[in-house]
Amino acid sequence: MSIVIIADDLTGALDSVVCFVNRGMTACVAVSPEVFDQALARKCDVVAVCTSSRNVSDEQARKQMSLVLDCLPEKPSVCLKKIDSRLKGNISEELRVIGEHWQSTDLFVCPAIPAQGRVVRQGELVGTGVDAPIKIARIIQGTEDIPDVDTVSDILKELPDDLGSKLFVGAAGLAEALAHRLSSEEVSDQIKSLPKPALLAIGSRDPITRVQVDSIRSECAMFAAPNGELKMIPDVAFDKASVIEMVECAETVPVAVAGERFSAAVAQCLETGKIATLLACGGETAASILNKVGIGVLSVMGEVLPGMPVSKAIVNGQEVHVVTKSGGFGNKDALSHILSRLD
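Numbering-wise (my numbering), the sequence shown opens with residue 37 and increments by one.
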């Protein structure tokens with residue numbers, strides 16, 4: 037059975053894939069559509085691809101989706117279009133391209149993430165982090181009949197007998213339900229240790245992330261990157277953990293420019309061959325860093341904490357553990373817990 041996940045950002049791809057890894061399946065993630073064929077060639081149980089298309093134009097989103105579908109002449113046994121749980125991005129355009137490629141596709145839509153308190157009631161997404169109810173049918177056409185969902189068990193009950201009959205459209209809650217349906221095995225033990233030295237690349241400016249970073253300042257070598265720029269590449273090999281943190285300064289630059297500078301600086305640190313573990317905070321940050329050092333495919337191993345997947349990749353011949361975290365995710369001690377796992 038082939039299971040394919042198409043996600044519009046990297047953290048979403050990894051968060052979904054790890055649900056299947058926790059059920060004993062093998063999985064990998066293509067960082068971009070250009071290397072999707074390489075990921076498929078690994079013959080893992082689950083293969084995901086990141087299109088990085090959430091914050092681009094409609095035209096670019098269609099182009100990225102077409103590149104993915106060119107590698108899939110036939111519909112996989114199970115296909116999940118991973119979307120933002122608050123329905124951000126180019127969802128309708130991407131689904132239109134998929135429908136045209138496979139000549140019509142019946143949708144099973146469920147953006148709920150019960151574990152985070154986001155549920156579906158009367159066709160609307162409500163709950164934690166949702167300021168006002170979001171009517172799903174306004175964004176995804178032809179989805180007027182959407183079941184209420186409060187738990188993953190609710191999603192499981194609604195899954196069709198033939199999983200191949202639908203294109204699944206949703207978030208981590210739907211990925212968890214599909215993984216549960218496909219495998220009764222549970223291998224959900226967290227990864228107990230990570231190799232040091234570690235580099236924490238904090239490209240997110242989310243207030244939650246700032247609190248998390250504040251809690252570890254006294255434990256790490258801290259390097260500020262004003263508007264993403266480092267004056268010099270720090271020697272991080274002599275510290276258990278180092279943090280490169282994007283900070284604002286008096287001069288303002290476009291977000292994209294700051295992000296590009298930041299990713300380039302972190303990539304230079306990785307290319308020294310001295311980093312054993314990279315934590316990348318923010319989906320776009322992670323994808324950009326990995327692309328710059330030529331990492332095309334990640335082998336997903338599990339989670340170090342819930343919602344923080346761990347993968348392995350090769351950088352200049354050296355194995356590097358890659359931990360990813362969404363910018364606004366986790367409690368205030370999340371990064372402290374990561375430091376405690378370094379061995």
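Glycine residues also receive a C-beta, built at the ideal position from the N, C-alpha and C atoms. Just so we're clear, the structure is a prediction, and the values are computed from it rather than from any experiment.
For Q152, three-class secondary structure by DSSP
Working through the sequence shown from its first residue, we reach residue 152 at position 116. Looking at Q152 - three-state DSSP - the assignment turns out to be helix.
Counted within 10 angstroms of its Cβ, other Cβ atoms place T47 as buried (16 or more) or exposed:
Along the sequence shown, one-based indexing puts residue 47 at 11. Under this definition T47 is a buried residue.
Nearest to G338 by alpha carbon, out of S240, S38, A63?
For the purposes of this step, residue 338 is taken as residue 302 along the sequence shown, with counting starting at 1. Comparing Cα-Cα distances from G338 to each of S240, S38, A63, the minimum goes to A63.
Contact check, S335 vs S324 under 8 Å by CB: the rounded distance?
Position 299 of the sequence shown, counted from the first residue, corresponds to residue 335. Position 288 of the sequence shown, counted from the first residue, corresponds to residue 324. S335 to S324, Cβ: 20 Å. No contact.
Looking at V67 and I331, is the spacing between their C-beta atoms short of 8 Å?
Position 295 of the sequence shown, counted from the start, is the residue given in the question as residue 331. Position 31 of the sequence shown, counted from the start, is the residue given in the question as residue 67. Against a cut-off of 8 Å, the Cβ pair of V67 and I331 comes out as a contact.
T360: buried (16+ other C-beta within 10 angstroms of its C-beta) or exposed?
Position 324 of the sequence shown, counting from 1, holds the residue named residue 360. T360 comes out buried.
Relative to the alpha-carbon of E265, which residue among Q304, S88, S278 has its alpha-carbon at the smallest distance?
The residue labelled residue 265 in the question sits at position 229 within the sequence shown. With distances taken between Cα atoms, E265 lies closest to Q304.
Run through DSSP, which three-state label would Q354 get?
For the purposes of this step, residue 354 is identified with residue 318 of the sequence shown, where counting begins at 1. Three-state result, Q354: strand.
Helix, strand or coil for V82 per DSSP?
Working through the sequence shown from its first residue, we reach residue 82 at position 46. Three-state DSSP puts V82 in a strand.
Specify the secondary structure class of L214 as computed by DSSP and reduced to three states.
One-based indexing of the sequence shown puts residue 214 at position 178. Correct three-state label for L214: helix.
Cβ-Cβ separation, V133 to R98 (assumed contact under 8 Å), whole Å:
Residue numbering aside, residue 98 sits at position 62 when the sequence shown is read from its first letter. Residue numbering aside, residue 133 sits at position 97 when the sequence shown is read from its first letter. Their Cβ separation, rounded to whole angstroms, is 5 Å, which keeps R98 and V133 in contact under 8 Å.
Of the listed residues G178, E160, I41, A173, nearest to A114 (C-alpha basis)
Start at 1 with the first residue of the sequence shown, and residue 114 comes out as number 78. One detail in the question is off: residue 114 reads as Val in this sequence, not Ala. Among G178, E160, I41, A173, the Cα nearest to that of V114 is on I41.
Hey, quick one: how far does the beta strand (DSSP E) through V334 stretch, first residue to last?
Mapped onto the sequence shown, residue 334 falls at position 298. It should be noted that the sequence gives Leu, not Val, for residue 334. Where L334 is concerned, the enclosing beta strand (DSSP E) stretches over 333 to 341.
F72 (DSSP reduced to helix, strand or coil)
As a working note, residue 72 is residue 36 in the sequence shown. Reduced to three states, the DSSP call for F72 is helix.
Quick check: the region 236 to 256 against the region 139 to 154, are there 3 or more CB pairs under 8 Å?
no
First through last residue of the beta strand (DSSP E) which encompasses G165
Sequence index remark: in the sequence shown, residue 165 carries index 129 (1-based). Careful: G165 lies outside any beta strand (DSSP E) and carries neither H nor E.
CA-to-CA distance, E160 to V185, given in whole angstroms:
Residue 185 sits at position 149 when you count from the first residue of the sequence shown. Residue 160 sits at position 124 when you count from the first residue of the sequence shown. Answer to the nearest angstrom: the Cα atoms are 10 Å apart.
Determine the extent of the alpha helix (DSSP H) in which G366 is found, giving its start and end residues.
The sequence position of residue 366 within the sequence shown is 330, counting from 1. First-last for G366: undefined, no H or E at that position.
Beta-carbon contacts of K124 that lie in its chain and below 7 Å, excluding the five residues immediately before and after
The sequence position of residue 124 within the sequence shown is 88, counting from 1. So the list reads R90, once near-sequence residues are dropped.
To the nearest angstrom, how far is the alpha carbon of D106 from that of H137?
By 1-based counting over the sequence shown, the position of residue 106 is 70. By 1-based counting over the sequence shown, the position of residue 137 is 101. Rounded to the nearest angstrom, the two C-alpha atoms are 9 Å apart.
Would you decide whether E130 is buried or exposed? Buried here means 16 or more other CB atoms lie within 10 Å of its CB.
Sequence index remark: in the sequence shown, residue 130 carries index 94 (1-based). With 16 or more other Cβ atoms within 10 Å, it is buried.
Tell me whether P262 sits in a helix, a strand or coil according to DSSP, three-state version.
In the sequence shown, residue 262 corresponds to position 226, counting from 1. Looking at P262 - three-state DSSP - the assignment turns out to be strand.
Across the region 194 to 201 and the region 222 to 235, are there enough close Cβ pairs to call them in contact, namely three or more that are closer than 8 Å?
no
DSSP on I252, reduced to helix/strand/coil?
Against the sequence shown, residue 252 aligns to sequence position 216. It is coil, neither helix nor strand.
D379 and K232 - do their beta-carbons sit closer together than 8 Å?
Within the sequence shown, the letter at position 196 stands for residue 232. Within the sequence shown, the letter at position 343 stands for residue 379. Taking 8 Å as the Cβ cut-off, K232 and D379 qualify as a contacting pair.
Give me the DSSP bridge partner(s) of I280.
Counted from its first residue, the sequence shown places residue 280 at position 244. I280 is bridged to A237, F259.
In this structure, how does DSSP classify L195 when only helix, strand and coil are distinguished?
Reading the sequence shown from its first residue, position 159 is the one you call residue 195. Here L195 sits in coil by DSSP.
CA nearest to the CA of P342, picked from I311, N327, S362, A349
Position 306 of the sequence shown, counted from the first residue, corresponds to residue 342. Out of I311, N327, S362, A349, S362 has the C-alpha closest to the C-alpha of P342.
Report the residue from V83, K310, D275 whose alpha carbon sits nearest the alpha carbon of C256.
To locate residue 256, count along the sequence shown from 1; it is residue 220. Minimum Cα distance to C256 is reached at D275.
Got a sec? Which residues, its chain only, sit under 7 Å from E355 by beta carbon, not counting five neighbours each side?
Here residue 355 refers to the residue found at position 319 when the sequence shown is read from its first residue. Within the same chain, E355 has close Cβ partners K348.
One or two residues paired with R157 in a DSSP bridge
Counting from one through the sequence shown, the residue named residue 157 turns up at place 121. DSSP, once it has assigned bridges, lists E160 as partnering R157.
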